[in-house]
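Chemist: Protein chains in written order, with this note's numbering: chain A, 2 to 185; chain B, 2 to 185. Encoded as structure tokens, here's the structure I'll be asking about.
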DNA sequence: ACTTTAAGTTTCATGGAGCAACTTATTTTT
DNA sequence: AAAAATAAGTTGCTCCATGAAACTTAAAGT
């Protein structure tokens, strides 16, 4: 029972640390939100966010360095710099919206105005969700962690065990998720 | 053109700041991931994460204080404390997975093992997505920000304007999203 | 020419992060 | 029963990151 989560000790192979290296910095998401909202210039960010000048400078540089923002000098006014989201930056939209929605759900009195809507019908979006490979919306109950070598192997075991300790290396953990499932 | 984003100045009514107040702290998401992965005890987090003792103590306390983790003394071993995710904590799953997937997509060499799968078929999950109210997956192109009073009003305007400056107060901004759309 | 604006950099005071050692309460071992 | 080990902290100290304010440089506006 202690051994079952032994493989997790080497679970540095996860995108989260890499993501947090950039976006874990304070202000990173706030700057990103401002970018999503159409702010492009240093002084705009400055007055909008209430961040210190030097910190903003530093954070923008880091976001540019990490390919989340592009830094384009304005052709018409050569004092100005335009900071714009790259594709990599846009790909943070689901993470940002998910965070935002969570904050909204549990925050005291968040009214949200303006509202993020589907352009098609101009109605508010639903909750950002974890999706199966074939498009079903998944809850915590529907998730499991399996060894890479055991992908596709159902619980009843339509495929035989790989080498290694048998019975182990299958579902690694998520016992907490399961417990939450049965509790719900 | 400068005025069109004027309302954003008061855009403190967004869940993001509230979310970041808790989860913007360094280590918060790493602790959360560990929790998702079935770690429950102080010394487990400590050796798994490589975080300093005092910081871990502090962060756990804050997560408990914010209702993301529950702090249960173990009945069988009264030295031990169990830290477990609350429902509020589980609701951070989409945000965490989205971040993780982003880090995986752009991180150097992230292999991801064990793999997060759909329990049903044990196949890897798809990208965490922004969903419309009726279940369609939305991309950045499909999003708009509208005034709360103008919800449901299509671009062609099946509903008449509210009071206030006409033409304004409709789609607030997202010009950057649009530009990215036309560029794609 | 003078002033203003934009985007920074520099300086300095403060707060949070990290390391190591210490504490307290509870098992386990001898 | 006494000694050692374990679990979960706390305390003291150092140092880097954060933040406020002033200064810098270059380009526009008037």
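For each residue, glycine too, the CB sits at the ideal point set by N, CA and C.
Residues in the same chain with beta-carbon distance under 8 Å from residue 61/A, minus the five sequence neighbours each way, listed in chain order, please.
Modeler: 32, 43, 46, 70, 72 and 84
Chemist: Whose Cβ in chain B lies nearer than 8 Å to the Cβ of residue 14/A?
Modeler: Residues of chain B passing the Cβ test: 111, 112, 113 and 114.
Chemist: At 8 Å on the CB atoms, spell out the chain A contacts of residue 146/B, in chain order.
Modeler: 38, 115, 116, 117 and 118
Chemist: Spell out a yes or no on whether the region 74-84 of chain A and the region 109-125 of chain A are touching, meaning 3 or more CB-CB pairs, one atom from each, closer than 8 Å.
Modeler: no
Chemist: Distance check for residue 35/B and residue 40/A, CA to CA, integer angstroms please.
Modeler: 36 Å
Chemist: Counting only the same chain and skipping the five closest in sequence on each side, list residues whose C-beta sits under 6 Å from that of residue 133/B.
Modeler: Taken in chain order, the residues that qualify are 139.
Chemist: If the criterion is Cβ atoms closer than 7 Å, does the pair residue 25/A and residue 19/B meet it?
Modeler: no
Chemist: With the cut-off set at 7 Å, would you say residue 108/B and residue 16/A are in Cβ contact?
Modeler: yes
Chemist: Count the other C-beta atoms from every protein chain shown that fall within 10 angstroms of the C-beta of residue 98/B, then say buried if there are 16 or more, exposed otherwise.
Modeler: Of the residues assessed, residue 98/B falls on the buried side of the cut-off, its CB having 16 or more other CB atoms within 10 angstroms.
Chemist: Among the residues of its own chain, which have a CB less than 8 Å from the CB of residue 57/A, if the five just before and after it don't count?
Modeler: Cβ within range, chain order: 28, 32, 43, 46, 47 and 50.
Chemist: Report the neighbours of residue 122/B on chain A: residues whose CB is nearer than 9 Å to its CB, in chain order.
Modeler: 133, 134, 135, 153 and 155
Chemist: Just to check my reading of the structure: residue 131/A and residue 129/B have Cβ atoms closer than 8 Å, yes? What is that Cβ distance to the nearest angstrom?
Modeler: 5 Å
Chemist: Determine, for residue 71/B, whether the minimum Cβ-Cβ distance to residues of chain A falls below 7 Å.
Modeler: no
Chemist: Whose CA, out of 81/A, 125/A and 91/A, lies closest to the CA of residue 64/A?
Modeler: 91/A
Chemist: Does DSSP classify residue 56/B as helix, strand or coil?
Modeler: Residue 56/B: helix per DSSP, three-state reduction.
Chemist: Could you name the residues of the region 19-31 of chain A whose beta carbon sits closer than 9 Å to any beta carbon of chain B, in the order they occur along the chain?
Modeler: 19, 20, 21, 22, 23, 24, 25, 26, 27, 28, 29, 30 and 31
Chemist: Which chain A residues are close to residue 96/B, counting only those with a beta carbon under 7 Å from its beta carbon?
Modeler: Counting only Cβ-Cβ distances below 7 Å, residue 96/B has contacts in chain A at 96, 99, 100 and 103, in chain order.
Chemist: Hey, is residue 91/B's beta-carbon within less than 7 Å of any beta-carbon in chain A?
Modeler: So yes, residue 91/B belongs to the interface.
Chemist: Between the beta-carbon of residue 59/A and the beta-carbon of residue 23/A, is there less than 7 Å?
Modeler: no
Chemist: Distance check for residue 123/A and residue 151/B, CA to CA, integer angstroms please.
Modeler: 8 Å
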